[in-house]
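The structure appears right after this line, and notes come after that.
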Amino acid sequence: MIRGRIFDIKRFAVHDGDGIRTTIFFSGCPLRCLWCHNPEGIAPEPRLAFHRQRCSQCGDCLSLCPKSALATGPDGTPLLDRDRCTGCGVCAAACQNEALVRCGRDVTIEDLLPVLLEDRPFYDNSGGGVTLSGGECLLQDEFCEPLLRELKAEGIRTAVDTCGFVTREAIDRVAPWTDDFLYDIKALDDVVHSRCTGRPCGPIPDNLRHLDKIGARIEVRIPFVPGYNDGEIDRIGQFLADLDRRPRVRLLPYNPFAGSKYESLGMKNPLPGLPPPDEDHLAEARRRLASCGLTEDRPDAVERV
Amino acid sequence: MTHSIEKDRTFIESKYHRTDEPFNPFIRMAYHGTGYAPETGLDDLDIRSGLEVLAAEHADLPHSLQKAHAVAYILDNTRLYVSPHDYFVGIDAWCRMIAQTTIRKWEKDVFATLPPELIEFQYAARQGGALDMRPDYDHSVPDWQSILSLGFPGLLQRIFHHREHHRNAQRLNPERAAFFDAMTIEYRAILRLLERMRRCAEAQLFEKSPILSKCLAHLHDGPPTDTYEALQTIYLFFLICESVDHYQVRSLGNGLDASLRPFIQRDLASGRWTELHIRTFLSYFLMQFSAIGNYWGHPFYLGGSDEQGRCTVDDVSYLILDVYDTLHIYNPKIQIKIGAGTPAAFRRKALDMIRRGTSSIVFVCEDAMIRAMMGYGATLQEARTADISGCYEYRVRGNENVTLSIYLNLLKAVQLVFGNGTDHDTGFQLGPPTGHIHTLQTFSDFRTACLRQLDALIDQAIRFTDCYEGRLEDINPSIMLTPVCENALRRGIPAYAEGMSYNNSSLLCIGFASAVDTMMTVKKMVYDERRITLDELKAALDANWDGYEPIRRAVRRLPFKFGNHEPETDALAEAFSSYLLGRINLRPNSRGGIYKAEMHAALHFRSFGSACGASPDGRRQGDELSKNASPSVGMDRNGATALILSALKLHPQQYMEGFCLDVMLHPSAVAGEDGMKAWDALLETYRKGGGASIQFNVMDAAILRDAQEHPERYRNLQVRVCGWNVLWNNLDPQEQAAYIERAENIR
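As they're listed, the protein sequences go chains P and V. Numbered according to my numbering, the first sequence terminates at residue 305, and the numbering increases by one at each position without gaps. Numbered according to my numbering, the second sequence terminates at residue 1747, and the numbering increases by one at each position without gaps.
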């Protein structure tokens, strides 16, 4: 039975496509964005998060680790040796305080479907549905395709949130079963893109053109991180304006609230102390996009009330 | 006329209590305002003495006449308030002073006749936080339509008319005659009060006095003629009932928009008043209730349907909501009655107000209301045009009197099983012996024992309540209320007796999720997984979980908590809810009516919680219980959609008195246009799925934590507690912590 690896399911998601949605976050991502808000979804392997403030220092976890990766730290909370930890989650299963949490688990489509269908009345009343996100869900296209097909068979609207750094095959595989693509564009200059995400643009622009050509319904999302990719707005605007159909475009202003996530995962926060963009800066970016005919409005959106 | 509400705000506040002293809304009746002219009447001390003399003189009269004379004495002698800073009048003696010599005395007399074992049970049940039972006079809604169309003199004429009718039909026995005389005395006293107020206003020289004295003259002689006079009438009727007659009108208007609509439309069409004038009058009107500061929030509602089921929302509804919005107040509170025809724009205007911090708004779905009311015999037309009373209770307009008489702690029923019917917290035998816990071999045994304890609590509560409710009218004659319910006048039977067509009593269910979580914990930990025995669990509870922390953590972590759309828990909750409804709804009361179940915790989730020992759901001694249909604190982990789906399993439309769900949302979930649309869809899904009332708190745990540390920065931050909005700073640190815990779990 085919399995996918996910690290979270979020119900009542309202910013991942139209209406009220349930969003599945898939593990593994080809990019290393400096501003990543889901660092627990970067690696394809499960990773252990330790939320120190929740720990009651009960010590239950210490003896359980098969790799002896846990020891008592000076303050009584466990000290985790990340080099030894395999993310197996034995300790997390025993932790009563949810201080130790395993990020990443394998699921089947049969596991997911009942959960995803629970909120059907809310989807129906809001024009919502299910969104596959991540990480990068299309790294698991062999799982996503049958999942999306099942959802369509149930009459559920589907969306795929992708960074675009995936194969054309993956895109073509899911496109027939996907109502909406949420497509991230971070930069179009390879140097800037590499600096921001660790990789050049690669297949991202072409994949977007391809989706446009095959008539996919697209919302382009531009993370807006002052000092990093804010100089790219005009170039992105021009590129999008040249597509056959102008997509809905949304700016996602950087917000600095992922710091504690990095800490709990034992990862270095790449942008410590970076403030969110101010309103003037955002308004200017929106104005520039608007000058290319790009707005957050979706001309074909029909509101269901 | 200038719109000077901001300038006058402090003066209006000080009309009801001194603004330079701390104000505790829970003892608001103890406060006195300033600005009452000494030359216009007597002070409290003299009035109290006068009432004592009066009581001695009238001791042989029927209660109705004794009360009417006492009320008239206060209206004739109280000091008056007419101020350059206010369009509304005031009376000094506003703390229900008649009670001492009348109602409180008569209540004692009636209770002295009750069987001693029931009195003892009532005491024990209250001590142990199992039940609270009390006579209630504060949850009726008058037929405002008749008040506004007849005015005070017209109501007096109506009393004469019906008295004459009964006399002609040979039905005017001495008791009935006394009651009609009592109504006459009280309504005549109101007219004298209006005249005293008019003279007082006329003697003043300030901008507002001419319009005020003209208004009072009109109200003395007939019904209100314009919007301002209609508002003054509503306010005066409220004020006299609330502070003198000892009865509270639990909604301002039969829908404030519906009641004011003809006046506002006529004024605007004729040019009598401009929209700015009307906004000003509404502002001063609403400020009165904000200044009074009833801790439960004085309610009015907007929207809903007419008899034919057509939506009534129009410009007047938007106007009132808009005026409220500009005032930045949290009292009165507003119910928005929504149905299939309610415009999305109206819902969204209210949602937007909540999003911006006005949390004194609750949505009441009329689809559920109609089903609930037709379930106890209301016609479709009666159900469509029904009023919302108090927090979320349903009333046939002008023809249903309901007492909120029994508050029942559902968790206690489960706890009693552990003591074989004896209450661990007080040592009283509150329930029947259901067997030592050793004998409960299966979960089915345990659940059956819970239901038997529940049956016994309900039966005893109803037995006790029935003993005195038949005599409500003896305790507090409904002199102000009866003339505004024509059915009661026609029958010649007072409103608290069987004068209305519907004379019902309600039973409020408290701690629903706490009880369900407790039963599920026992099922899973004791019977299914055998991780602990009932004896061990009892020992942990007796120790208030001290020394049992690992088990407590395991219990808290169990996923079987109500509000998460967990199938097994929801199935038990649904069955428990159905059982409860079957035991309460439609049971006859002692006033010719029935009992109605309500899922509403009032403030008893705190008082019951503080009297209750530790419970198997991991709750410690003294911790609050779950509120309304909401999950236990911090136990909703699957977000708003899961919570709503769980709540809908309980069949909200079968709670004949009302049902409310509280939903806490993170600000980011409702931000922007997307957030608004999704939120509105959430509300509509609840309504279409059979939901009744729902209230939203938009809260960010970080903001709440900051507010706890820096109360001075958050003076206006408020949260909704079971229909009452309270200021954050009025919650104690433990309660604040509970809110923060819940906010942290919002998904």
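Every residue gets a Cβ at the ideal spot worked out from N, C-alpha and C, and that includes glycine. Owing to the predicted nature of the structure, the values given are computational and were not obtained by experimental measurement.
Next on the checklist: Buried or exposed for V:I1437, going by 16 or more other Cβ atoms inside 10 Å?
Outcome noted: Counting Cβ neighbours within 10 Å, V:I1437 comes out buried, since at least 16 surround it.
Checklist entry - In chain order, what residues of the same chain have a beta carbon less than 7 Å from the beta carbon of P:S56, not counting five sequence neighbours either side? => result So the qualifying residues of the chain are N97.
Checklist entry - What three-state label does DSSP hand V:G1723 in the structure shown? => result The predicted model places V:G1723 with a pLDDT of 45, which falls under 50 and marks its position as unreliable, so this point remains unresolved.
Next on the checklist: For chain P, check one thing: does any of its Cβ atoms lie closer than 8 Å to the Cβ of V:A1669?
Outcome noted: It does: the Cβ of V:A1669 has a partner Cβ on chain P nearer than 8 Å.
Item to check | Own chain residues within Cβ distance below 8 Å of V:C1722, not counting five before or after | outcome: Confidence in V:C1722 is poor, its pLDDT being 47 and thus under 50, which makes the residue's placement unreliable; the coordinate value appears in the next sentence. Leaving aside the five residues that flank V:C1722 on each side, the residues in its chain whose CB is nearer than 8 Å to its CB run, in chain order, C1391, H1600, A1601, A1602, L1603, F1605, K1627, N1628, C1660, D1662.
Next on the checklist: Does V:N1173 pass the burial test, meaning 16 or more other C-beta atoms within 10 Å, or should it be called exposed?
Outcome noted: Around the C-beta of V:N1173, fewer than 16 other C-beta atoms lie within 10 Å, and the residue is accordingly described as exposed.
Item to check | C-beta contact flag for P:D119 and P:R11 at 8 Å | outcome: A distance below 8 Å separates the beta carbons of P:D119 and P:R11.
Checklist entry - Hey, out of V:I1584, V:G1672, V:G1613, whose CA is closest to V:Q1654's CA? => result Closest by alpha carbon: V:I1584.
Checklist entry - Counting contacts by CB-CB distance shorter than 8 Å, is P:H15 in contact with chain V? => result Interface annotation, P:H15: in contact with chain V, CB-CB separation under 8 Å.
Checklist entry - Candidates P:S68, P:D278, P:D106: which alpha carbon is nearest P:E45's? => result Checked all of P:S68, P:D278, P:D106; the closest Cα to P:E45 is P:D106.
Next on the checklist: Can you check which of these residues, V:S1243, V:P1262, V:E1207, V:V1244, is closest to V:E1229 by C-alpha distance?
Outcome noted: Selected option, being the one with the closest Cα: V:P1262.
Item to check | Assigned secondary structure, V:A1573 (DSSP; H/G/I helix, E/B strand, else coil) | outcome: Reduced to three states, the DSSP call for V:A1573 is helix.
Next on the checklist: According to DSSP, is P:R248 part of a helix, a strand, or is it coil?
Outcome noted: Of the three classes helix, strand and coil, the one that applies to P:R248 here is strand, per DSSP.
Next on the checklist: If we require 3 or more residues per run, which beta strand (DSSP E) segments fall completely within the stretch 1251-1283 of chain V?
Outcome noted: If only complete runs of 3 or more residues are kept, the stretch 1251-1283 of chain V shows no beta strand (DSSP E) anywhere.
Item to check | DSSP state of V:I1532 mapped onto helix, strand, coil | outcome: It is coil, neither helix nor strand.
Checklist entry - What number of angstroms, rounded off, separates the C-alpha of V:G1419 from the C-alpha of P:G259? => result C-alpha separation (whole angstroms): 50 Å.
Next on the checklist: Which same chain residues end up closer than 8 Å to V:R1463 when comparing Cβ atoms and leaving out the 5 residues on each side of it in sequence?
Outcome noted: Sequence-distant partners of V:R1463 (beyond 5 residues in either direction) whose C-beta falls short of 8 Å from its own C-beta, in its chain, are L1118.
Next on the checklist: Quick check on the DSSP output: what are the complete beta strand (DSSP E) runs of length 3 or more inside the stretch 117-153 of chain P, in order along the chain?
Outcome noted: Restricting attention to beta strand (DSSP E) runs no shorter than 3 residues, the stretch 117-153 of chain P encloses them at 129-134, ordered along the chain.
Next on the checklist: So with CB distances below 7 Å, who are the chain P contacts of V:N1638?
Outcome noted: What V:N1638 touches in chain P, judged by beta-carbon distance under 7 Å, is R11, going in chain order.
Item to check | Under the three-state DSSP convention, the category V:G1639 falls into | outcome: Looking at V:G1639 - three-state DSSP - the assignment turns out to be helix.
Item to check | Chain-order list of residues whose beta-carbon lies under 8 Å from that of V:S1149 (same chain, five-residue window excluded) | outcome: The beta carbon of V:S1149 sits closer than 8 Å to those of P1223, all from its chain and outside the five residues before and after it, given in chain order.
Checklist entry - Should P:V191 be labelled buried (16 or more other beta-carbon atoms within 10 Å of its own) or exposed? => result With fewer than 16 other Cβ atoms within 10 Å, it is exposed.
Checklist entry - Under the three-state reduction of DSSP, which class applies to V:P1210: helix, strand or coil? => result Of the three classes helix, strand and coil, the one that applies to V:P1210 here is helix, per DSSP.
Item to check | Sequence-distant residues of the same chain with beta carbon closer than 8 Å to V:Y1247, five excluded per side | outcome: Once the five neighbours on either side are set aside, the close Cβ partners of V:Y1247 are Y1137, D1138, S1140, C1241, N1476, S1478, M1480, L1481.
Next on the checklist: Do V:L1260 and V:V1316 have their beta-carbon atoms positioned less than 8 Å apart in this structure?
Outcome noted: For V:V1316 and V:L1260, yes; Cβs fall inside 8 Å.
Next on the checklist: Counting C-beta neighbours from all protein chains within 10 Å, is the total for V:L1276 16 or more, i.e. buried, or is it exposed?
Outcome noted: It is exposed - the Cβ of V:L1276 has fewer than 16 other Cβ atoms within 10 Å.
Checklist entry - P:G19 versus chain V: which residues are under 9 Å apart at the beta carbon? => result Within chain V, the residues near P:G19 are D1674, K1677, A1678, A1681.
Checklist entry - Helix, strand or coil: how does DSSP classify V:V1555 here? => result Three-state DSSP puts V:V1555 in a helix.
Item to check | Contact check, V:Q1335 vs V:Y1376, beta carbons under 8 Å | outcome: No.
Next on the checklist: Between the stretch 82-90 of chain P and the stretch 106-115 of chain P, can you find at least three pairs of beta-carbon atoms closer than 8 Å?
Outcome noted: Contact check between the stretch 106-115 of chain P and the stretch 82-90 of chain P: fewer than three CB pairs, one atom from each, fall below 8 Å, which does not count as touching.
Next on the checklist: Against P:D119, what residues of chain V qualify as contacts under a CB-to-CB distance less than 7 Å, listed in chain order?
Outcome noted: Neighbours of P:D119 on chain V, chain order: T1641.
Checklist entry - So V:A1130 and V:D1423 are in contact, right, with Cβ under 8 Å, and what is the actual spacing, rounded? => result About 7 Å; that satisfies the 8 Å criterion.
Checklist entry - So with Cβ pairs under 8 Å, would you call V:L1645 a contact of chain P? => result It does; some Cβ of chain P falls within 8 Å.
Item to check | Nearest-angstrom Cα separation, counted from V:F1560 out to V:I1517 | outcome: Looking at the sequence provided, one finds Asp at residue 1517 of chain V rather than Ile. Spanning the two alpha carbons is a distance of roughly 7 Å.
Checklist entry - For P:F181, which option in P:V174, P:I218, P:K213 has the closest C-alpha, if you only look at C-alpha atoms? => result Per the Cα distances, P:I218.
Item to check | Proximal residues to V:F1443 (C-beta, below 8 Å), its chain only, five neighbours per side dropped | outcome: Non-local beta-carbon contacts of V:F1443 in its own chain, meaning distances under 8 Å to residues more than five positions away in sequence, involve V1522, K1523, V1526, Y1527, D1528 in chain order.
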